[in-house]
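Taking the UniProt record's numbering, the leading residue of the sequence shown gets 1, the next gets one more, and so forth.
Ideal placement from N, C-alpha and C gives every residue a C-beta, glycine not left out.
This report refers to the structure that appears directly beneath it.
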Amino acid sequence: MALLEIENLTVEFDTVDGRFRALDGVSYSIDAGEVLAVVGESGSGKSVAMLAVMGLLANNGHLWADKLEFEGYDLLKLTTKQRRQIIGKDISMIFQEPIASLNPCFTVGAQIDETLKEHTSMGRGERKTRAIELLDSVGMPESKKALKKYPHQMSGGQCQRVMIAMAIACKPKLLIADEPTTALDVTIQKQILDLLLDLQHESGMGLIMITHDMAVVAETADRVIVQYKGKKMEEADVLSLFENPKNPYTRALLSALPENATGDRLPTVSDFHLGDGGAA
1 MALLEIENLT VEFDTVDGRF RALDGVSYSI DAGEVLAVVG ESGSGKSVAM
51 LAVMGLLANN GHLWADKLEF EGYDLLKLTT KQRRQIIGKD ISMIFQEPIA
101 SLNPCFTVGA QIDETLKEHT SMGRGERKTR AIELLDSVGM PESKKALKKY
151 PHQMSGGQCQ RVMIAMAIAC KPKLLIADEP TTALDVTIQK QILDLLLDLQ
201 HESGMGLIMI THDMAVVAET ADRVIVQYKG KKMEEADVLS LFENPKNPYT
251 RALLSALPEN ATGDRLPTVS DFHLGDGGAA
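Following this line, the structure appears as structure tokens:
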């Protein structure tokens, strides 16, 4: 049985101009121990599917699916209380913009403690020890002092490490990383990616990497989902995708990589006249 199964997931949002379909009949799954990359340009619906899984769609969002299951649990039928027992414990998510995702009014230690208090039976002292261990595991310098800091007192890379520490605090079975290296410099990007992969290998959890960076896909993924305008264009193992892409949009993405430049300028997606796309 797959760890997470999504079949024919559609998501729409109410707007002033009517309903906007952000995700259109997307299906895929992930197994324990697998790294799945979901790739596509901004607006392709990559994050929307994961927010639907987490139950975090905005109030104007509506979703339908033939199946949305985690370890056999029907996420469409869970009550709010039942979902809270899974989300943050068995399924965790690292959000974009870590500084914006952390609460500026509470210290790092308080925010990690809240996660542990919600999902474990640890006492206060045990939770503090665990918080220090978590910060140490993500390479946070002076972890004991970091517990007392507020997000604005830390760099972007340090805040990202805090987000990862919170996400892995309860040893999740599935970790969703949404553009985990956005706005970080190249050195920190590699450190974060290496950290996520090390954690994934050590624990055997499933890892969904949401990105528009094909280099990240090549470095991290076992399998790749390519999305465009809310639809799944292609699904393949990472080697097949790079060596023999089937869909025009996938070929457009790969052609836009600097190393594939053949003329005076890089091609863009618009050069491929994709229209609304179509799955391969």
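Membership of His212 in any alpha helix (DSSP H) is not indicated, and neither H nor E is assigned to it by DSSP. Note that the C-beta distance between Val186 and Ala218 is not below 8 Å. Following the DSSP letters along the chain, one finds Val226 inside the beta strand (DSSP E) bounded by residues Arg223 to Tyr228. In this structure, the beta-carbon distance from Ala165 to Leu134 falls below 8 Å. In this structure the region 89-107 lies against the region 173-181, because at least three pairs of beta carbons, one per stretch, are closer than 8 Å.
In the three-state reduction of the DSSP assignment, Gly123 falls in the coil class. Within the region 24-104, complete alpha helix (DSSP H) segments of at least 4 residues are found at 46-54, 80-86 and 98-101, given in chain order. For Gly204, DSSP records no beta bridge to any residue. Leu4 is a Cβ neighbour of Ser29, given a cutoff of 8 Å.
Ala236 has Val224 as its beta-bridge partners, per DSSP. Taking 8 Å as the cut-off, the Cβ atoms of Asp198 and Glu34 do not count as close.
Glu5 has Ser29 and Glu69 as its beta-bridge partners, per DSSP.
Between Glu12 and the set Tyr150, Val108 and Val26, the nearest pair of CA atoms involves Val26. In the assembly as shown, Lys232 is a buried residue. Its beta-carbon has 16 or more other beta-carbons within 10 Å. Between the region 58-68 and the region 243-259 there are fewer than three C-beta pairs closer than 8 Å, too few to call the two in contact. Take Gly45, set aside five residues on each side of it, and the residues of its chain with a beta-carbon closer than 6 Å to its own are Ala22, Leu23, Gln227 and Gly230, in chain order. The region 149-181 is shown to contain whole beta strand (DSSP E) runs of 3 or more residues at 174-178, in chain order. Apart from sequence neighbours up to five positions away, the residues of its chain that approach Ser143 with a beta-carbon distance below 7 Å are Ile132, Leu135 and Asp136, ordered along the chain. With a 10 Å radius around the Cβ and a threshold of 16 neighbouring Cβ atoms, Leu207 comes out buried. Shown here, Lys231 sits in a strand according to DSSP, grouped into three states. Here Leu196 is buried, its C-beta having at least 16 other C-beta atoms within 10 Å. Excluding its 5 nearest sequence neighbours in each direction, Lys128 has C-beta neighbours in its own chain below 8 Å: Gly109, Asp113 and Leu147, listed in chain order. Contact between Pro98 and Gln160 holds: their C-beta atoms lie close to 5 Å from each other, under 8 Å.
Annotated three-state conformation of Thr250 is helix, per DSSP. In the three-state DSSP reduction, Val11 falls in the strand class (E or B). Secondary structure of Phe242 (DSSP, three-state): helix.
Sequence-distant partners of Glu179 (beyond 5 residues in either direction) whose C-beta falls short of 7 Å from its own C-beta, in its chain, are Gln96, Ile210 and Thr211.
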